[in-house]
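Just so we're aligned, residue 112 is where the sequence shown starts under the working numbering, counting upward by one. Idealized CB from N, CA, C, for every residue including glycine.
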Amino acid sequence: MRAEPLPTSPPSVTPPSVTPPSADGRAPARDRGPGVPPPGIERAGVDPVPVDRRHGRPRSLFTLWFGANVQFATLSVGALSTSVFGLDLLPAVFAIALGTALSAVMVGLFSTRGPLTGVLQLIQTRGPFGRLGALPSAAFTVVNGVGWCVVDTLLGMFILRDLTGLGFAPALLLMAAAQLTVAVLGYRMIHAVERCLAIALVVVFAVVSVYGFGEAHATAPTDPSGGPVAAFLLVTAVTAARGLGWSAYASDYSRYLPATARPRRVFLAAGGGSALAGVWIGSLGAAIGTVAAVDDPSAMVSGLLPHVLGTIVLVALLLSTLASTVIDLYSGAMAALVAGFALPRWVSVLVVGGLGTVLSWYAGHGDFAAQLQDFLLMTGYWLAPWGAVLVTAYWWRERGLHDTARLYDSRHRFGWGLPSILIALLAEIPFMNQSLYTGPLAAAHPAVGPFGLLVGFAVAAAAYAALTAWRPTPPGGLPAPGTPAEALPAA
Numbered sequence: 112m113r114a115e116p117l118p119t120s121p122p123s124v125t126p127p128s129v130t131p132p133s134a135d136g137r138a139p140a141r142d143r144g145p146g147v148p149p150p151g152i153e154r155a156g157v158d159p160v161p162v163d164r165r166h167g168r169p170r171s172l173f174t175l176w177f178g179a180n181v182q183f184a185t186l187s188v189g190a191l192s193t194s195v196f197g198l199d200l201l202p203a204v205f206a207i208a209l210g211t212a213l214s215a216v217m218v219g220l221f222s223t224r225g226p227l228t229g230v231l232q233l234i235q236t237r238g239p240f241g242r243l244g245a246l247p248s249a250a251f252t253v254v255n256g257v258g259w260c261v262v263d264t265l266l267g268m269f270i271l272r273d274l275t276g277l278g279f280a281p282a283l284l285l286m287a288a289a290q291l292t293v294a295v296l297g298y299r300m301i302h303a304v305e306r307c308l309a310i311a312l313v314v315v316f317a318v319v320s321v322y323g324f325g326e327a328h329a330t331a332p333t334d335p336s337g338g339p340v341a342a343f344l345l346v347t348a349v350t351a352a353r354g355l356g357w358s359a360y361a362s363d364y365s366r367y368l369p370a371t372a373r374p375r376r377v378f379l380a381a382g383g384g385s386a387l388a389g390v391w392i393g394s395l396g397a398a399i400g401t402v403a404a405v406d407d408p409s410a411m412v413s414g415l416l417p418h419v420l421g422t423i424v425l426v427a428l429l430l431s432t433l434a435s436t437v438i439d440l441y442s443g444a445m446a447a448l449v450a451g452f453a454l455p456r457w458v459s460v461l462v463v464g465g466l467g468t469v470l471s472w473y474a475g476h477g478d479f480a481a482q483l484q485d486f487l488l489m490t491g492y493w494l495a496p497w498g499a500v501l502v503t504a505y506w507w508r509e510r511g512l513h514d515t516a517r518l519y520d521s522r523h524r525f526g527w528g529l530p531s532i533l534i535a536l537l538a539e540i541p542f543m544n545q546s547l548y549t550g551p552l553a554a555a556h557p558a559v560g561p562f563g564l565l566v567g568f569a570v571a572a573a574a575y576a577a578l579t580a581w582r583p584t585p586p587g588g589l590p591a592p593g594t595p596a597e598a599l600p601a602a
């Protein structure tokens, strides 16, 4: 008797752990027991979103990712290009545009799989990685979410101190409370917040742009370390790494869209919103970086503006950091659930947010610009090969396959994704260039250091393609998707 071939389309039945909502959209009263969050808090966890709960249009992704990138962290990363890396304004803008475009393509591509499968981004990694092989990716996504929570919390604290004169601890507690409230409420609240802020922040940053670009100098305030070519490549790499952080979450915010949503529209909405905002705000940061230091990011902005206008802008920037952090908290909490922690989603948000708050306490007393640069490069070293594996798996090796059942199959323990990433990490080591470690190639030739991310992407893609061509059956024992029936082993 031969084994039945794996299904090639998402299952049409609702998973047992997901209860269809009642007419008012709330869970049936009989299911509201201990551990169930209060009404208004999202209940969905790591299970697929049932078809009858899908809603919305692809254009909602534009406002989400536009709002997520029109924020203070994007401005601060852009300011590094001129004030720290020493790149002149025009080449800095080109480098920011290149890095943003590379990462926006990834966000757009991964977003298209949300409507097709209805599952979280990390659950989708189980295809090429396997159920156990995806655990390191889940752990990294938790770390990535916590790390960005720290970055945005510190930026918010800078603003609160300038606006109110609050001390370090009170400002930290206020930021933590606001961030956790929105992230706990979940998907719909996050979309609503991003939609409202996207409009308000366009106006605010338009005003800042008038002053920022008007006061900007054509030349950087410092000489480029390693020369202009090395600085250009470094800015491209750091900017791409900032945007790649979003790609680890992309499908989390498109999985509620109807399965009929056109992939092209999803791609353009998610990638376009991310690219447009990233290039604009990153370039504005580069312009401001030619006249101000990044040591105190809020003073960097408010110092350019009249007092009253500066206060209004700082309030808006404070809201923008909130909009960014809730996405990191939400998806970091989801990653913890994928990693196997048996917690309700809203409790996981509190745990991840609490960890980020504690780390913010320690990180708030260091060199912000240096810490930000190190964090961006470290996340990029993992995200570049991780993204390469997914692109190779879903847009080449298994093109057109949306096998949701396989993602939840306990037999599919390991895939070829994790070995491919490990090979890529070994290839990246000589190129690594940060305060914690500098590889031999980067030490001898600083200009080649930023190529580490590109090398990692290329090596991971090639390794996964070679391994799946050589041995298409994953090491976990489950046949690779798309395997012909005649090639399946006997049951």
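Inset, instruction - Please name the residue in Phe479, Gly178, Gly278 and Leu213 whose C-alpha comes closest to that of Leu564. - result: Leu213
Inset, instruction - Could you tell me whether the stretch 392 to 402 touches the stretch 313 to 329, using the rule of 3 or more Cβ pairs below 8 angstroms? - result: yes
Legend entry - Expected contact under 8 angstroms - CB spacing of Ala447 and Val261 to nearest Å: Contact flag wrong, Cβ pair sits at about 16 angstroms.
Inset, instruction - Would you check if the distance between the CB atom of Ala361 and the CB atom of Gln232 is smaller than 8 angstroms? - result: yes
Inset, instruction - Would you kindly check if the distance between the Cβ of Ser222 and the Cβ of Val377 is under 8 angstroms? - result: yes
Inset, instruction - Check the C-beta distance from Ala331 over to Asp199 and give it rounded, since I have them as a contact under 8 angstroms. - result: 5 angstroms
Inset, instruction - Could you say which of Gln290, Thr252, Leu420 and Leu172 lies nearest to Val265 if we only look at CA atoms? - result: The sequence shown places Leu at residue 265, rather than the Val named in the question. Ranking Gln290, Thr252, Leu420 and Leu172 by Cα distance to Leu265 puts Gln290 first.
Inset, instruction - Look at the alpha carbon of Ser105 and the alpha carbon of Gly189, and state the distance between them as a whole number of angstroms. - result: The chain is shown only over 112 to 602; residue 105 falls outside these bounds and no answer can be derived.
Legend entry - Pair within 8 angstroms by beta-carbon distance, Tyr367 and His556: no
Legend entry - Cut-off 7 angstroms between Cβ atoms - residues of its own chain near Val204, not counting five sequence neighbours on either side: Ser394 and Ala397
Inset, instruction - Entirely within the stretch 437 to 497 and at least 4 residues each: give me those alpha helix (DSSP H) ranges in chain order. - result: 456 to 474
Legend entry - Secondary structure of Thr549, DSSP reduced to three states: strand
Legend entry - Where Pro202 falls, given that 16 or more other Cβ within 10 Å makes a residue buried: buried
Inset, instruction - Evaluate Asp334 with the Cβ neighbour count: other Cβ atoms within 10 Å of its Cβ, from every protein chain shown; 16 or more gives buried, anything less gives exposed. - result: exposed
Inset, instruction - Take Ile270 and list the residues in its own chain whose beta-carbon comes closer than 7 angstroms to its own, dropping the five residues that flank it on each side. - result: Ser409, Leu425, Leu428 and Leu429
Legend entry - Sequence-distant residues of the same chain with beta carbon closer than 7 angstroms to Arg170, five excluded per side: Ala380
Inset, instruction - Inspect the CB distances between the stretch 245 to 256 and the stretch 410 to 422 and report whether three or more fall short of 8 angstroms. - result: no
Legend entry - Identified DSSP bridge partners for Asn544: Thr549
Inset, instruction - Flag this pair as touching only if the stretch 514 to 522 and the stretch 231 to 245 have three or more C-beta atom pairs under 8 angstroms; answer yes or no. - result: yes
Inset, instruction - Go ahead and pull the three-state DSSP assignment for Pro339. - result: helix
Inset, instruction - Please look up how many angstroms separate the CB atoms of Leu175 and Gly384, rounded, as I've assumed it's under 8 angstroms. - result: 7 angstroms
Legend entry - Given Gly498 as reference, the closest of Gly354, Ser546 and Met268 once Cα atoms are compared: Gly354
Legend entry - Three-way DSSP call (helix, strand, coil) for Arg224 in this model: helix
Inset, instruction - Work out the CA separation of Ile207 and Leu387 for me, nearest whole Å. - result: 11 angstroms
Legend entry - Three-state secondary structure (DSSP) of Phe196: coil
Inset, instruction - Please confirm if the stretch 459 to 471 is in contact with the stretch 336 to 354, defined as three or more CB-CB distances below 8 angstroms between the two stretches. - result: no
Inset, instruction - Tell me whether the beta-carbon of Tyr492 lies closer than 8 angstroms to the beta-carbon of Gly560. - result: no
Inset, instruction - Counting only the same chain and skipping the five closest in sequence on each side, list residues whose C-beta sits under 7 angstroms from that of Val216. - result: Gly382
Inset, instruction - Give the straight-line distance between the Cα atoms of Leu312 and Phe177, rounded to the nearest whole angstrom. - result: 10 angstroms
Legend entry - Buried or exposed by the 16-neighbour rule on C-beta atoms within 10 Å, applied to Val195: buried
Inset, instruction - Would you mind sorting Val449 into buried or exposed? The rule is 16 or more other CB atoms within 10 Å of its CB. - result: buried
Legend entry - For Gly276, three-class secondary structure by DSSP: coil
Inset, instruction - Alpha carbon to alpha carbon, how far is Gly256 from Ala359? Give it in angstroms, no decimals. - result: 10 angstroms
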